[in-house]
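Numbering (our numbering), first residue to last: 195 to 647.
Backbone N, C-alpha and C fix where the C-beta goes; we use that ideal spot for every residue, glycine too.
Notes for the one structure printed next.
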């Protein structure tokens, strides 16, 4: 990469927001402190925001109220996927930058290059630094994110001509776990009189709150990325609330030609509900394979979304089978059922499960985040980066491949032993290493049945 373009410099600092760091910090502190963050709700997890992108004097307060919701979650968010509309360059699809970082007066933000490079196989994703060079819709969000989150990695995409399905496919690829936040940047109507804008924006907001697609750019300049998020939210069972709404006539502009602004927060459903749905499907898959009747299964909207699961079977805490998927390539409903059957009847380490064993067999389901490549110089460096009890690890060496779920740290708490056993699982010597080794890591949400009586 050319070092001259390794970092995208700020393009609208001093115009859309203060250009010097001290003034910018003061401005953001005021906007973020103007409202108290909403109390966290145990049954909901904030996953995505829709926020406006005008100059801070116009829409900064509306955006700030949404960003304030992140304060209780800031320590756990390590990646932000940021989508906004292209205003200056025509693009077919979604434009990904090739640089390594984006800068603001508050400092630089490293891009998640592995995630961006991982989109290269999607035909709707194109490489274009030109689309980002002067684009304000993404840049104005960065100082808010830097202030609230501190350090994080960024996945910025400028959305041109793309369908909701194309945007949704990209969002599904980048969805991740609780460490990933989705942000969509968009204003509402442009250049109507104050009362007319209120009517137009009121209808648009109702469509968004109903997770219904927008039909034109008169409703929102970011209609395309918004529609992609709404489609994903419907499939994944997210709920939405309006955080704030106004127009430029309420803030710093006259009321003859105004621009509308609104911010929204989208929440994932309670994790335990999903766990109950997945555990029931895993057990029913095994039971019906053995000729037993299926039991009622809790419904959950996320089971129709793509997902990667591992199903682990134990008896008296001893392993009895474990099979899973490392990448989401089919709906969760299909994935967990298929892996449950495979763990029970096709794990080569064990004979097929029998009907007599079923009552004393305990089912555990792990839902994986998207694996992310690790960057390291040698084995010692890789070991230093591993996070015990958090990271699941995939080792790839030529045609050999193995993985350990994060749960394995309970039996192998030392990094060196964890890696040695992972290599042995791949059929390699415990002390083997090669510069060609690839490592990926992921996290899991896991649910386990109660101990059989």
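Sequence-distant residues of the same chain with beta carbon closer than 6 Å to residue i, five excluded per side
| i | result |
| --- | --- |
| residue 641 | 469, 473 and 559 |
| residue 480 | 534 and 538 |
| residue 291 | 323 and 326 |
| residue 597 | 588 |
| residue 233 | Caution is warranted here: a pLDDT of 45 is assigned to residue 233, below 50, making its placement in the model unreliable, and no coordinate value can be reported. |
| residue 612 | 606 |
| residue 493 | none |
| residue 302 | 201 and 295 |
| residue 609 | 577 and 580 |
| residue 225 | 254, 255 and 258 |
| residue 249 | 210 |
| residue 536 | 517 |
| residue 564 | 370 |
| residue 395 | 382, 383 and 454 |
The beta strand (DSSP E) enclosing residue i, as first and last residue numbers
| i | result |
| --- | --- |
| residue 384 | 384-386 |
| residue 354 | Taken as a continuous stretch (DSSP letters only), residue 354 belongs to no beta strand (DSSP E), as it is neither H nor E. |
| residue 221 | No beta strand (DSSP E) contains residue 221, which is instead part of the alpha helix (DSSP H) from 215-227. |
| residue 438 | 433-441 |
| residue 210 | Segment: none, residue 210 is in no beta strand (DSSP E) and carries neither H nor E. |
| residue 301 | 301-304 |
| residue 596 | 594-598 |
| residue 512 | 512-518 |
| residue 631 | First-last for residue 631: undefined, no H or E at that position. |
| residue 245 | 239-245 |
| residue 375 | 374-379 |
Endpoints, alpha helix (DSSP H) assigned at residue i
| i | result |
| --- | --- |
| residue 489 | No alpha helix (DSSP H) holds residue 489; DSSP gives it neither H nor E. |
| residue 533 | 526-539 |
| residue 420 | 417-430 |
| residue 612 | 609-619 |
| residue 325 | 324-327 |
| residue 343 | 336-343 |
| residue 624 | Looking at the DSSP string, residue 624 is not in any alpha helix (DSSP H), and its letter there is neither H nor E. |
| residue 450 | Looking at the DSSP string, residue 450 is not in any alpha helix (DSSP H), and its letter there is neither H nor E. |
| residue 255 | 250-261 |
8 Å contact criterion, which residue i and residue j should meet: CB distance rounded
| i | j | result |
| --- | --- | --- |
| residue 299 | residue 207 | 5 Å |
| residue 454 | residue 383 | 5 Å |
| residue 445 | residue 252 | 5 Å |
| residue 451 | residue 346 | Incorrect: roughly 36 Å between the Cβ atoms, too far for contact. |
| residue 562 | residue 586 | 7 Å |
| residue 626 | residue 617 | 6 Å |
| residue 555 | residue 507 | 5 Å |
| residue 478 | residue 488 | 4 Å |
Residues near residue i by beta carbon distance below 7 Å, same chain, minus five either side
| i | result |
| --- | --- |
| residue 403 | 434 and 436 |
| residue 621 | 594 |
| residue 524 | 500 |
| residue 267 | 240 |
| residue 498 | 429, 525 and 527 |
| residue 461 | 238, 239, 240, 241, 432 and 433 |
Neighbourhood of residue i by C-beta distance below 8 Å, restricted to the same chain and skipping five residues each side
| i | result |
| --- | --- |
| residue 335 | 245, 247, 257, 276, 278, 377 and 379 |
| residue 551 | 509 and 514 |
Sub-8 Å separation of residue i and residue j beta-carbons
| i | j | result |
| --- | --- | --- |
| residue 371 | residue 635 | no |
| residue 365 | residue 296 | no |
| residue 589 | residue 557 | no |
| residue 405 | residue 430 | no |
| residue 515 | residue 541 | yes |
| residue 288 | residue 319 | yes |
| residue 503 | residue 520 | no |
| residue 362 | residue 422 | yes |
| residue 476 | residue 457 | no |
| residue 333 | residue 281 | no |
| residue 274 | residue 432 | no |
| residue 367 | residue 424 | no |
| residue 419 | residue 353 | yes |
| residue 243 | residue 459 | yes |
| residue 584 | residue 600 | yes |
| residue 373 | residue 637 | yes |
| residue 338 | residue 484 | no |
| residue 416 | residue 331 | yes |
| residue 355 | residue 285 | yes |
Looking at C-beta atoms only, is the number of pairs between the segment 251-266 and the segment 383-396 that lie closer than 8 Å three or more? no
Between the segment 295-307 and the segment 402-418, do three or more beta carbon pairs fall short of 8 Å? no
Say whether the segment 539-548 touches the segment 565-580, bearing in mind that this needs 3 or more beta-carbon pairs closer than 8 Å, one atom from each stretch. no
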